Amino acid sequence: MRFANRFPSFGLFVTSVFLFQLASAGSAVHAQQSHSRSWSIFAGTGKPDSPIAVQPSDPKTVALQNVYGIEVTADGIFFSTVDDHSIWKSDHDGTTIRRIAGTGEKGLSGDGGPAIEATFNAPHEIRADRDGNLFVADTRNHCIRRIDAASGVIETLAGDGVEGFRGDGETGDKARFSQPHSIVLDGDGGLLVADTTNHRLRRIDLETRIVTTVSGDGQRKLPQEGKLASEVSVFGPRSLAIDAQAIWLVLREGNSVWRIDRQSGWINRVAGTGKQGHSGDGGDPLSATFRGPKGIAVDSAGNLLVVDTENQAMRYVDLGNNVIDTMKIPFKMKRPHGTAVLSREGNQDVYFVSDSENHRVLAGR
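When you line the sequence shown up against mature numbering (1 follows the signal peptide of the UniProt record, and there is no 0), it's residues -25 to -1, 1 to 340, in that order.
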């Protein structure tokens, strides 16, 4: 099967963006305005207290212990918390939040039962499909879990809880992963997995549950540009995003952002030199430097939000004008990780970032 067949293009999708549609970028002045936001605390007390919010609560009164993943859907906003091993759901306006999966205890249990009674081990990211089913990167359990929207029942989709690498060409129960951090639905019946410390991008066919490797060979090397993604190394794949034309891949150790064309399968660098630093604002993204980037999202103009974690910053990559900037966020962040965009027709995009070690989620409106 050719790489392009795995990632066909499609026009309208919901994955970390609500009713996201591609639009062309405007002038440089417009681009600067487009990512300027008024920022506030959306959820979290900022204190690592043990949260108890099975019933709906005010999001600002709940401690989100080391919040990482953010997923925006038509039905609400989902968060994963690493230190209390839970999944949360809020409404779009931030008036109520409740825990929907996880007991708050570390473990690997609960398959076949209600997700609220299951245990996780540092879930890093969640995604939702069109039917509302949730997929969870259960990172330190080295597996991918699935929560059925209709029944609320949880199951393990792939991985057996043991760290390792195996199972390509076999069903998910025979596969092993090593700290999968990021997942994204590919719009063609598959779930892409950033198998981070195996240095591979893998795919789970959601119908057959067959696992394959689509990029990476386990080597700790940057990809070679202008090659097929199936032929290159991927050094520390940490975060994934997708749109109609491309898969966007953040390499944590590689300090860079890459684009995989969904038709041709070619991979090319779009931001970051590969060296550590915090430079390049106002210039070509290819000449910029990052320090351990760990999150990415695409806004409704088709531009990139990149969480530059170890620089405690959010970077904005304007692809139309080929410019990178550091977004002005009036909060001192501490190791931010996840990001997502809420896009609704007739309204300016709302940007979210998980201010992880400050135990809160920030929103830019």
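The C-beta atom is built at its ideal place from N, Cα and C for all residues, glycine as well. From a predicted model like this one, the values you see are computed outputs, not experimental measurements.
Rounded separation between residue i and residue j - CA only
i, j, result
"Ser329", "Leu167", "22 Å"
"Gly51", "Arg141", "35 Å"
"Ala90", "Glu228", "33 Å"
"Gly175", "Asp300", "Strictly speaking, residue 175 in this sequence is Arg, with Gly absent from that position. C-alpha separation (whole angstroms): 29 Å."
"Asp143", "Thr171", "16 Å"
"Arg290", "His312", "12 Å"
"Leu294", "Asn278", "6 Å"
"Ser208", "Thr146", "24 Å"
"Arg266", "Lys250", "8 Å"
"Pro268", "Leu224", "10 Å"
"Pro31", "Thr71", "5 Å"
"Gln199", "Val292", "21 Å"
"Arg12", "Ile304", "8 Å"
"Asn297", "Ala219", "19 Å"
"Gly339", "Gln154", "30 Å"
"Ser65", "Ala18", "9 Å"
"Val282", "Arg195", "22 Å"
"Arg213", "Asp274", "19 Å"
"His60", "Ala97", "5 Å"
"Ile62", "Thr78", "9 Å"
"Asn243", "Trp233", "6 Å"
"Leu317", "Val42", "18 Å"
"Gln238", "Glu206", "16 Å"
"Gly88", "Gly127", "8 Å"
"Leu280", "Gly252", "18 Å"
"Pro23", "Leu83", "23 Å"
Short CB-CB distance (under 8 Å) between residue i and chain B
i, result
"Pro23", "The chain labelled as chain B is not found in the depicted structure, where only one protein chain is given."
In DSSP terms, what residue i is bridged to
i, result
"Ala133", "Ile119"
"Arg74", "Trp63"
"Ala112", "Glu100, Ile119"
"Ser157", "Ala169"
"Asp330", "Arg335"
"His244", "A small correction: the amino acid at residue 244 is Arg; His does not occupy that position in the sequence shown. Looking at the DSSP assignment, Arg244 forms a beta bridge with Trp233."
"Asp143", "Val186"
"Ala315", "Phe327"
"Phe265", "Gln251"
"Ser126", "Its beta-bridge partners do not exist; DSSP assigns none."
"Val37", "Partner(s): none; Val37 has no beta bridge."
"Thr94", "Ser84"
Among the options, the one whose alpha carbon lies nearest that of residue i
i, options, result
"Val111", "Thr131, Ser126, Arg105, Glu92", "Thr131"
"Ser262", "Trp241, Gln287, Ser231", "Ser231"
"Ser190", "Leu181, Ile235, Phe306", "Ile235"
"Asn286", "Lys307, Arg244, Ala276", "Lys307"
"Gly334", "Arg244, Lys309, Gly107", "The residue you asked about is not Gly; residue 334 is His in the sequence shown. Per the Cα distances, Lys309."
"Phe327", "Ile271, Asn243, Glu320", "Ile271"
"Leu215", "Arg178, Thr248, Gly193, Val186", "Arg178"
"Phe210", "Ile217, Asn173, Thr187", "Asn173"
"Asp161", "Asp180, Ala150, Lys149", "Asp180"
Would you check if the segment 130 to 137 and the segment 107 to 119 touch, i.e. whether three or more CB-CB distances between them fall below 8 Å? yes
List, from N- to C-terminal side, the beta strand (DSSP E) runs of 3 residues or more that fit wholly inside the segment 164 to 235. 165 to 170, 175 to 180, 186 to 190, 212 to 217, 221 to 226
Flag this pair as touching only if the segment 41 to 49 and the segment 94 to 112 have three or more C-beta atom pairs under 8 Å; answer yes or no. yes
Mind pulling the beta strand (DSSP E) runs of 3 or more residues that sit fully within the segment 271 to 302? 279 to 283, 288 to 293, 298 to 301
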